[in-house]
Amino acid sequence: LFLVKFFRSPSLRYAIFCGVLLGLASLTKPAVIMLPVLLLIAFPIYVRYALRSFSLRQMARLGALLLVVLLTILPWSIRNYAAFHEVTVLNLSRATLGGWALVSTMENQALHVPSEESFLIYQQQRRSIIEGETGGQVSGNPQQQGEALTRSVFKKIASDPLGYTAYSGKKFAYFWYASDSGKYEMLLAVLQGCALLLGVLGLVFFVRKDDWRKVFPLLLLLVYFPAFHTLSFTLARYSMPIMPLVMMFSIYGVVELHSMVKTRLQRAASKVPVPIG
-17 LFLVKFFRSP SLRYAIFCGV LLGLASLTKP AVIMLPVLLL IAFPIYVRYA
33 LRSFSLRQMA RLGALLLVVL LTILPWSIRN YAAFHEVTVL NLSRATLGGW
83 ALVSTMENQA LHVPSEESFL IYQQQRRSII EGETGGQVSG NPQQQGEALT
133 RSVFKKIASD PLGYTAYSGK KFAYFWYASD SGKYEMLLAV LQGCALLLGV
183 LGLVFFVRKD DWRKVFPLLL LLVYFPAFHT LSFTLARYSM PIMPLVMMFS
233 IYGVVELHSM VKTRLQRAAS KVPVPIG
């Protein structure tokens, strides 16, 4: 809500509220931590083409928002440095980014296996890649391991970009219906799929009838979470943060469809000749 308010009226007050809430959300679910990076790209575009009043003051308020996010998560980052002797943002470091890069290409993460077995597969692949990148030795340095994983993953993607793109499309679909156990996936596919289709329809109706400026901040969230989990772990339960937004646009779509049908029926009825006598 405060993100929407900040985009509509980028005041210092909204920047502080939004920054605190984004920081707390990141402490609750680290998947949110990359959202400020998207704001760095999206907000200047928005003020340039939507508000048509690009200024250094607006950029300074965006900077204040990002600074408040960092200050909110700073105590946890200090604790991580004291415990692991590594500078991190929450739990983001070269080591964790390397692990995420590996997960983005693990085709077996879509298999329905117990969590312990899935983690064992991940650990085996991780060790094999690190040994291959370091000449058969597994360094005890987490940062070096993360760098080795990242190098290997980018080599794999570069060797077969079309294959990686196709697999990413599958993972995007998994985001809406896949479960750990494989149970209820058909039900999830129907429920989430219907909500998603109606949501897209409602979004189109809203943009055509109203203004894309009003919905732009929500679009960031609707794009961010599927993209983030497509590049990492992807299951239907990870879609929960944005399903309220999807349902909101779904309801809007249903209401607009009902209104269109009602209007057409009324027009058709008005054209029917009334018998005299």
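Just so we're aligned: -10 in the working numbering is position 8 of the sequence shown, and the numbers increase by one with no gaps anywhere.
Note that beta-carbon positions come from the ideal geometry of N, C-alpha and C, so glycine has one too.
Predicted model only: the values in this text are computed from it and were never measured.
Handout entry: Pick from Phe210, Trp158, Met41, Ala24 that is closest to Ala(-3), judged by C-alpha positions
Key = Met41
Handout entry: Cβ neighbour criterion (16 or more within 10 Å) applied to Ala65
Key = So Ala65 ends up on the exposed side.
Handout entry: Pick from Val205, Ser141, Leu84 that is closest to Ile112, judged by C-alpha positions
Key = Of the residues Val205, Ser141, Leu84, the one whose Cα lies closest to the Cα of Ile112 is Leu84.
Exercise for the section: Pick out whichever of Arg246, Leu52, Phe(-11), Val237 has its Cα sitting closest to the Cα of Gly181. Expected result: Val237
Practice task
Please state whether DSSP places Phe(-1) in a helix, a strand or coil.
Solution key: Helix, per DSSP.
Practice task
On a CA-only basis, which of Ser214, Val228, Pro255, Thr245 is nearest Ala13? Give me that one, please.
Solution key: Ser214
Exercise for the section: Between the Cα of Tyr166 and those of Pro143, Tyr206, Asp193, Ala218, spot the shortest distance and give me the residue it belongs to. Expected result: Ala218
Handout entry: Buried/exposed call for Cys176, threshold 16 Cβ in 10 Å
Key = exposed
Problem - Leu21 (DSSP reduced to helix, strand or coil) - result: The answer is helix: DSSP assigns Leu21 an H, G or I state.
Problem - alpha helix (DSSP H) segment containing Gly181, residue limits - result: 167 to 191
Exercise for the section: Note down the Cα distance separating Trp158 from Lys253, rounded to an integer number of angstroms. Expected result: 45 Å
Exercise for the section: Answer yes or no: do Phe(-11) and Phe198 have a C-beta to C-beta separation smaller than 8 Å? Expected result: yes
Handout entry: Span separating the alpha-carbon of Leu22 from that of His67
Key = One C-alpha to the other measures close to 29 Å.
Handout entry: Arg249 to Ser221 span [Cα, whole Å]
Key = Answer to the nearest angstrom: the Cα atoms are 41 Å apart.
Exercise for the section: Classify Thr87 as helix, strand or coil using the three-state DSSP reduction. Expected result: coil
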